[in-house]
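For the record, the sequence lines run as chains A and B. With our numbering applied, the first sequence corresponds to residues 5 to 461, in that order. With our numbering applied, the second sequence corresponds to residues 5 to 461, in that order. All C-beta atoms in this analysis are idealised placements derived from N, C-alpha and C, irrespective of residue type, glycine included. Inspection log for the structure reproduced underneath, given as structure tokens.
Protein chains: 2
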Amino acid sequence: MSNIENTIDRIQELLLDVETEQQLREELNSFHEADIADIFQLLKPEERLACFLKLDEEKAADVIEYLPPQLQVEILGDIDETLASRLISKLPHDEAADVLGDMEDDDTETYLDKLPEKFSSEIRELLTYNEDTAGGIMNPLVLTVAHSMTVKDALDTIRIKAEKDSMELYYVYVIDKHEHLLGVVSLRTLLTTPVDMLIADIMTRDIVKVQVDDYQGHIADIFMKYQFNALPVVDLYNHLKGIVTWDDVQDIVEEETTDEILTSSGIVTDLGDDEDEDILTGSLRNSIKSRIPWLFITLLGEFVAVSVTNKYDHTFTALPVIAAFMPLLAGLGGNIGTQSITLMVRGMSTGQVTLGSGWKYIWRETLTGVSIGLIFGVLVALVTWGWQHHVQLGLIVGLAMALNMTIATMIGTCTPLILKKMKIDPAVASGPVIATTIDVVGLAVYLTLVTWYLISA
Amino acid sequence: MSNIENTIDRIQELLLDVETEQQLREELNSFHEADIADIFQLLKPEERLACFLKLDEEKAADVIEYLPPQLQVEILGDIDETLASRLISKLPHDEAADVLGDMEDDDTETYLDKLPEKFSSEIRELLTYNEDTAGGIMNPLVLTVAHSMTVKDALDTIRIKAEKDSMELYYVYVIDKHEHLLGVVSLRTLLTTPVDMLIADIMTRDIVKVQVDDYQGHIADIFMKYQFNALPVVDLYNHLKGIVTWDDVQDIVEEETTDEILTSSGIVTDLGDDEDEDILTGSLRNSIKSRIPWLFITLLGEFVAVSVTNKYDHTFTALPVIAAFMPLLAGLGGNIGTQSITLMVRGMSTGQVTLGSGWKYIWRETLTGVSIGLIFGVLVALVTWGWQHHVQLGLIVGLAMALNMTIATMIGTCTPLILKKMKIDPAVASGPVIATTIDVVGLAVYLTLVTWYLISA
Numbered sequence: 005m006s007n008i009e010n011t012i013d014r015i016q017e018l019l020l021d022v023e024t025e026q027q028l029r030e031e032l033n034s035f036h037e038a039d040i041a042d043i044f045q046l047l048k049p050e051e052r053l054a055c056f057l058k059l060d061e062e063k064a065a066d067v068i069e070y071l072p073p074q075l076q077v078e079i080l081g082d083i084d085e086t087l088a089s090r091l092i093s094k095l096p097h098d099e100a101a102d103v104l105g106d107m108e109d110d111d112t113e114t115y116l117d118k119l120p121e122k123f124s125s126e127i128r129e130l131l132t133y134n135e136d137t138a139g140g141i142m143n144p145l146v147l148t149v150a151h152s153m154t155v156k157d158a159l160d161t162i163r164i165k166a167e168k169d170s171m172e173l174y175y176v177y178v179i180d181k182h183e184h185l186l187g188v189v190s191l192r193t194l195l196t197t198p199v200d201m202l203i204a205d206i207m208t209r210d211i212v213k214v215q216v217d218d219y220q221g222h223i224a225d226i227f228m229k230y231q232f233n234a235l236p237v238v239d240l241y242n243h244l245k246g247i248v249t250w251d252d253v254q255d256i257v258e259e260e261t262t263d264e265i266l267t268s269s270g271i272v273t274d275l276g277d278d279e280d281e282d283i284l285t286g287s288l289r290n291s292i293k294s295r296i297p298w299l300f301i302t303l304l305g306e307f308v309a310v311s312v313t314n315k316y317d318h319t320f321t322a323l324p325v326i327a328a329f330m331p332l333l334a335g336l337g338g339n340i341g342t343q344s345i346t347l348m349v350r351g352m353s354t355g356q357v358t359l360g361s362g363w364k365y366i367w368r369e370t371l372t373g374v375s376i377g378l379i380f381g382v383l384v385a386l387v388t389w390g391w392q393h394h395v396q397l398g399l400i401v402g403l404a405m406a407l408n409m410t411i412a413t414m415i416g417t418c419t420p421l422i423l424k425k426m427k428i429d430p431a432v433a434s435g436p437v438i439a440t441t442i443d444v445v446g447l448a449v450y451l452t453l454v455t456w457y458l459i460s461a
Numbered sequence: 005m006s007n008i009e010n011t012i013d014r015i016q017e018l019l020l021d022v023e024t025e026q027q028l029r030e031e032l033n034s035f036h037e038a039d040i041a042d043i044f045q046l047l048k049p050e051e052r053l054a055c056f057l058k059l060d061e062e063k064a065a066d067v068i069e070y071l072p073p074q075l076q077v078e079i080l081g082d083i084d085e086t087l088a089s090r091l092i093s094k095l096p097h098d099e100a101a102d103v104l105g106d107m108e109d110d111d112t113e114t115y116l117d118k119l120p121e122k123f124s125s126e127i128r129e130l131l132t133y134n135e136d137t138a139g140g141i142m143n144p145l146v147l148t149v150a151h152s153m154t155v156k157d158a159l160d161t162i163r164i165k166a167e168k169d170s171m172e173l174y175y176v177y178v179i180d181k182h183e184h185l186l187g188v189v190s191l192r193t194l195l196t197t198p199v200d201m202l203i204a205d206i207m208t209r210d211i212v213k214v215q216v217d218d219y220q221g222h223i224a225d226i227f228m229k230y231q232f233n234a235l236p237v238v239d240l241y242n243h244l245k246g247i248v249t250w251d252d253v254q255d256i257v258e259e260e261t262t263d264e265i266l267t268s269s270g271i272v273t274d275l276g277d278d279e280d281e282d283i284l285t286g287s288l289r290n291s292i293k294s295r296i297p298w299l300f301i302t303l304l305g306e307f308v309a310v311s312v313t314n315k316y317d318h319t320f321t322a323l324p325v326i327a328a329f330m331p332l333l334a335g336l337g338g339n340i341g342t343q344s345i346t347l348m349v350r351g352m353s354t355g356q357v358t359l360g361s362g363w364k365y366i367w368r369e370t371l372t373g374v375s376i377g378l379i380f381g382v383l384v385a386l387v388t389w390g391w392q393h394h395v396q397l398g399l400i401v402g403l404a405m406a407l408n409m410t411i412a413t414m415i416g417t418c419t420p421l422i423l424k425k426m427k428i429d430p431a432v433a434s435g436p437v438i439a440t441t442i443d444v445v446g447l448a449v450y451l452t453l454v455t456w457y458l459i460s461a
């Protein structure tokens, strides 16, 4: 599928003509499920439904897995209930629970009642966990063997169990008869060990595991740190409840990155409601609620800027051109300050910048700020002089620019470190607060310089 | 390891006393290699070296794998050359090539000469690939079987090959006698298929693969889309050259996210030099070079703001308090605009916002902007009125605020979409350019309102 837009055009063409129905059916089913999911996202709802109904049932279930939540719910709601239940029962347990969890409560019940008894009771258990915890993302089907088995017994068990259920197959977990987790054996070890050895003798006992109620951010951190493919999930009594795999973590990491990015631009991503709505597609009320808090804090900060500036009204009367340069200073100060904040906050979140190594970066950034401040200061002084034919104004604006950019860099670099030291998430408070602080300090420096000049002149 | 700071304190204490050396050795070796790597990042260089030399050789090699590049090079440079070569030869091929690639060219040669013949020639081949391509991140050791084998033959082959080499074991790749890639069999299939079946009959022929010179961003996209654990890497003639695994991709995704975040705050991450330096730790010259381009463009934009504002100098003389409210308007406009840009750019990079669905978000964001603009407009009007005892000033500032926030939201939402339509990366140009545009438009609206009032008064 080299060009998705051509494919879309072709599908829309085939949809228009009943005679090409069979051809469309064949072409659609020949695509990889991930490709079909991509195509579906670009089709109109009625085209999407028509195409979905042309997929073979196995393929249709696979496609569901790759669709974003809102499309999963849309499509399953549009098709026949019996077909929908059949498709849901073909999904891996964790996916089925996610899909059902995203529906209205009544619909969830309707489908659960139509599903096979065993499957639906397993899904009901999964639905009791908070969706942001290990329990909410794990797959409860785990390949387990007893510690008393030999390697040959274990291989035979795998042959039977893994064929029957659609289990993820990375490691084999070793349990006792009460389902307590005792150890783990990699498939690699199983395949390269003499078949008569005991599992108890080859398993790793010192295993990294997570609790069912551990939050997903914590789980992602463990995956990143130890670079596992899968982690076992246990309850308080060390009973094996499921596994979390790297592709679940992929989604978490993307979610957490989005949160980090949105938070640092002053958007509140956790509204504390039960419903965890997407800010771009959720209700307008939530969208407004997520954006007002930091705007309001900016408002308070900028009123400080207004009252500082207001003290200099005699200056504006005496030399009105002074006011015209305020946006220039604030704009560049804000810009270079934002660069510094971004570098520091990102450095902290990848682990490159730590409290211990922080002073090194403060020094580096200050040097950068001074250098760039000098370059821009000289540039601005020359332009202002040439434009306004006013040497002193050029000098004042240039000096203010140099100081402003240096101070902005320092504030942008130090504040995230100070917040971290105070155990406040640097991403949360950094952006808006620092921008406002830079505004206030920059204006105060500039207007003080102007006043000195006017007094001495 | 519940608390890393306590652990560090304890290690530093044990390091001070020669009598506790054996105890330190035992404790260090009992930690997981990922934990040791975390600890090392917080120790001083001389403490780090002392601790590293107390690790068993296997453990030491494992720790090297988890360290960031600069520490890998630092430690290997500090220890005895023979020990360093021995440790390098214990690393997986792709890691060894990365480590050697990060060293000075002379050092790379010294170590390559000391490594076992076969290993060093394989590493030399890996070093010929660009480090941002599949060739630069792949592991050349792949578990392969012939298509003419039975499942039993294949399992026997795995038993011998996988034990000998430290191969990643996710899938088994099927090749012909000229090493052309024919298909892939998952371990799961191998383990659940009757042992006398032919590999040729059970392998998947329609495989997703990447080329040795494919760029890493493309590879990460494929992993995210299809959710594989590993992908085969082939050359132009379909010879199997290696595999890329999900943990390699993890690092790429983190790198790409950092680029996206830094770029959107106006930092140029690709300086076009041969050396791909880290902006926080690289040379001061590169740090300045990466930050000046967008600051310069901001400078040009803000000079437009200055010349717009400068047209209203009679206004500042007549009503100097007008100047004091400029930072308030610019600050809040910039802030809400940044929120919109961030939402759109992030939405595009996760694939949620497409050109097709863009109009939906423009409408949503405009509604949000109007709502928040009205709330803040009324608030600011009331505060200004109460503070300055000037009803008309309150009304002007309030109205300017409402218009400014609405316009800023619209500019912040539309510009990334327009850039994308023009096939320009929205992350690159968005931040600084939009902030400046919002400044200019916001000031123009405000000062026009003020002038109308002054004329009519």
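Inter-residue spacing [alpha-carbon to alpha-carbon] between residue i and residue j
{"i": "L147 of chain B", "j": "L235 of chain B", "result": "13 angstroms"}
{"i": "M201 of chain A", "j": "R192 of chain B", "result": "21 angstroms"}
{"i": "A150 of chain B", "j": "V176 of chain B", "result": "10 angstroms"}
{"i": "L194 of chain B", "j": "L91 of chain A", "result": "27 angstroms"}
{"i": "E135 of chain B", "j": "I15 of chain A", "result": "39 angstroms"}
{"i": "E270 of chain B", "j": "E369 of chain B", "result": "A small correction: the amino acid at residue 270 of chain B is Gly; Glu does not occupy that position in the sequence shown. For G270 of chain B and E369 of chain B, the distance between alpha carbons rounds to 23 angstroms."}
{"i": "T441 of chain A", "j": "E113 of chain B", "result": "52 angstroms"}
{"i": "Y70 of chain B", "j": "Q231 of chain A", "result": "9 angstroms"}
{"i": "I247 of chain B", "j": "L145 of chain B", "result": "8 angstroms"}
Reduced DSSP secondary structure (H/G/I, E/B, other) of residue i
{"i": "H393 of chain B", "result": "coil"}
{"i": "H151 of chain B", "result": "coil"}
{"i": "I8 of chain A", "result": "helix"}
{"i": "V454 of chain B", "result": "helix"}
{"i": "G355 of chain A", "result": "coil"}
Classification of residue i by the beta-carbon crowding that lies within 10 angstroms, buried from 16 upward
{"i": "Y241 of chain A", "result": "exposed"}
{"i": "D117 of chain B", "result": "exposed"}
{"i": "N339 of chain A", "result": "buried"}
{"i": "M352 of chain B", "result": "buried"}
{"i": "K245 of chain B", "result": "buried"}
{"i": "D356 of chain A", "result": "In the sequence as displayed, the identity of residue 356 of chain A is Gln instead of Asp. With 16 or more Cβ atoms within 10 Å of its Cβ, Q356 of chain A is classed as buried."}
{"i": "D84 of chain B", "result": "exposed"}
Cβ pair residue i, residue j closer than 8 angstroms
{"i": "V178 of chain A", "j": "M207 of chain A", "result": "yes"}
{"i": "T302 of chain B", "j": "N143 of chain B", "result": "no"}
{"i": "M330 of chain B", "j": "P331 of chain A", "result": "yes"}
{"i": "I12 of chain B", "j": "I40 of chain B", "result": "no"}
{"i": "P324 of chain A", "j": "D443 of chain B", "result": "no"}
{"i": "A322 of chain A", "j": "L458 of chain A", "result": "yes"}
{"i": "A412 of chain B", "j": "G446 of chain B", "result": "yes"}
{"i": "D218 of chain A", "j": "T132 of chain A", "result": "no"}
{"i": "G377 of chain B", "j": "T410 of chain B", "result": "yes"}
{"i": "A385 of chain B", "j": "G373 of chain B", "result": "no"}
{"i": "L68 of chain B", "j": "L95 of chain B", "result": "Per the sequence shown, the amino acid found at residue 68 of chain B is Ile instead of Leu. In this structure, L95 of chain B lies closer than 8 angstroms to I68 of chain B by Cβ."}
{"i": "I226 of chain A", "j": "V238 of chain A", "result": "no"}
Contact set between residue i and chain A, taken where Cβ atoms lie within less than 8 angstroms
{"i": "G270 of chain B", "result": "N339, T342 and Q343"}
{"i": "D317 of chain B", "result": "P324, V325, A327 and A328"}
{"i": "P436 of chain B", "result": "N339"}
Proximal residues of chain B, C-beta to C-beta of residue i below 7 angstroms
{"i": "T313 of chain A", "result": "A327, A328 and P331"}
{"i": "R163 of chain A", "result": "L195 and T196"}
{"i": "Y365 of chain A", "result": "L284"}
Proximal residues of chain B, C-beta to C-beta of residue i below 8 angstroms
{"i": "R350 of chain A", "result": "T262, I265 and L266"}
Residue i CB to nearest heavy atom of the ligand COA below 7 angstroms
{"i": "V248 of chain B", "result": "With respect to the ligand COA, the structure shown offers nothing to examine, as it has no ligands at all."}
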